[in-house]
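Student: 1 is the number of the first residue of the first sequence in UniProt numbering; add one for each residue after it.
C-beta: ideal position from N, C-alpha, C; glycine also.
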Amino acid sequence: MNDTAISLRLGAWWEANARDLPWRFGRATPWGVLVSEVMSQQTQMSRVVPYWTDWMERWPDARALAEAPKAEVITAWGRLGYPRRALRLQECARVVAEDYADKLPRTYDELTALPGIGDYTASAVMSFAFGERIAVIDTNIRRVLSRVFLGVESRGGATSPAERALANRMLPKDEILGCDADVADNAGSAEHVVNSTIRGGKRSRLHRGERPSVTWNQSVMELGAVICTAKSPLCDTCPIADDCAFLKAGRPGLGERRTRPRQRFQGTDRQVRGLVLAALRELPAGATLPREDADKLWKDQIQLAACIASLDDDGLIEILDGGLRLPS
DNA sequence: GTCCGGATTT
DNA sequence: AAATCAGGAC
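1) Just how far apart, CA to CA, sit ARG211 and ILE134?
2) Rounding to the nearest angstrom, what Cα-Cα distance links VAL144 and ASP20 in this structure?
3) Using 8 Å for Cβ pairs, my map puts LEU80 next to TYR51. What's the rounded Cβ distance?
4) Check whether the Cβ atoms of VAL214 and VAL125 sit closer than 9 Å, and answer yes or no.
5) Cβ atoms of PRO30 and ALA129: under 9 Å apart, would you say?
6) Can you give the Cα-Cα distance for VAL38 and LEU89, rounded to whole angstroms?
7) Could you please give the first and the last residue of the uninterrupted beta strand (DSSP E) stretch that includes ARG273?
8) With H, G and I counted as helix, E and B as strand and the rest as coil, what does DSSP make of ARG88?
9) Roughly how many whole angstroms lie between the Cα atoms of VAL220 and VAL48?
10) Closest by CA to VAL318, which one among PRO115, LYS296, ARG291, LYS299?
11) Going by alpha carbons, who is nearest to LEU150 out of SER36, LEU166, ALA158?
12) For a quick check, are the C-beta atoms of LEU280 and ARG147 less than 9 Å apart?
13) Just the Cα atoms here: how many angstroms apart are ASP109 and GLY322?
14) Hey, out of ASP99, ILE302, ILE117, whose CA is closest to GLY267's CA?
15) ARG325 bridges to which residues according to DSSP?
16) As a quick exercise: from LEU114, THR75, LEU297, VAL276, pick the residue whose alpha carbon is nearest that of ARG58.
17) For SER7 and GLU222, I'd like the C-alpha separation in whole angstroms.
18) Have a look at ARG106 and ASP61 and give me their C-alpha separation to the nearest angstrom.
19) If you draw a straight line from the alpha carbon of TYR100 to that of ARG84, how long is it in whole angstroms?
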């Protein structure tokens, strides 16, 4: 089975089985796609959906987010985790609004230069929002490509040059499926989907009109998320099981730990920081948490003080004479 | 390589 | 209790 056949089979599976996430299928602006990707960093999609929906209704574009009070942004981030993502997203919004006239730049280099946007998110926006041909590499794609084409589990840590080369080698060429230039130029843009829906009537809302590289990225990532999972891959229902080197090899080392054991959460600074921030989010808007109340949040006053200082360093809180509050 | 949240699953 | 999750900054 050649590579083109695999991508076609995966694409068909994608079209029939893709989760109906609200930022997919051309329903979101490029900015909305970027927001969904930042929220999804190290966070399950099912948890992201309600946050994203409320967020985009409240701040539909970069300029709106840029002008929001920082305390509101932190509070709206709620319990998504890694609240520094919220601050970086707002910083990103400021840059987009001021330096790019509220229009997300369309090159990888400009995107990775934005706060909170690294290799994965920049590539994902280029592919999913702009329809450009670029290899997207996340934990799902690393796991799937390594299993299917190398027959082994991917190792943890930073993406290796070999993994990057594999992702680039397997990324379908856009001319293979006869994508015409007009479609290719507009693939992925919300405007294109709206227009083609009006013109096309019963036209599929899924991957038709997307470049093969975009469908490939989407379908490989989706396969890793729902079928080719880390611990218990559902090989019985996998659309490319017949082509999988990992399955042929007897799934050697299935679910083998890919990275060092995670730091336990209980008792860590992350837990303490989370407690402090949660207490501040509970307050009425603009209110201050009195020092004596803050001191009760954690027994170890040394650790608590260090965490309050680090939250201040991050710009997530403000330290006043009488207590703490979310930054204005 | 380490730190940074918190929900969910096993 | 431990692992996992559409990572990024340092």
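Tutor: Let me lay it out:
1) Straight-line Cα distance between these residues: approximately 11 Å.
2) Our two residues, VAL144 and ASP20, have alpha carbons roughly 21 Å apart in a direct line.
3) Indeed they touch by this definition, with Cβ atoms about 6 Å apart.
4) Contact check for VAL214 against VAL125 fails: the beta carbons are separated by 9 Å or more.
5) Judged by beta-carbon spacing, PRO30 lies within the 9 Å limit of ALA129, meaning their Cβ atoms are closer than that value.
6) About 8 Å.
7) First-last for ARG273: 269-282, but that is the alpha helix (DSSP H), not the beta strand (DSSP E).
8) Three-state result, ARG88: helix.
9) The alpha-carbon atoms of VAL220 and VAL48 are separated by roughly 20 Å.
10) The identity of residue 318 in the sequence shown is Glu, whereas the question assumes Val. Put simply, of PRO115, LYS296, ARG291, LYS299 the residue whose alpha carbon is nearest the alpha carbon of GLU318 is ARG291.
11) Taking only the C-alpha atoms, the option nearest LEU150 is LEU166.
12) In this structure, the beta-carbon distance from LEU280 to ARG147 does not fall below 9 Å.
13) Put simply, the backbone Cα of ASP109 is about 44 Å away from that of GLY322.
14) With distances taken between Cα atoms, GLY267 lies closest to ILE302.
15) Bridge partners of ARG325: GLU318.
16) Of the candidates LEU114, THR75, LEU297, VAL276, the one whose C-alpha sits nearest the C-alpha of ARG58 is THR75.
17) Straight-line Cα distance between these residues: approximately 13 Å.
18) Their Cα atoms are separated by approximately 16 Å.
19) A straight-line Cα-Cα distance of about 23 Å links TYR100 and ARG84.
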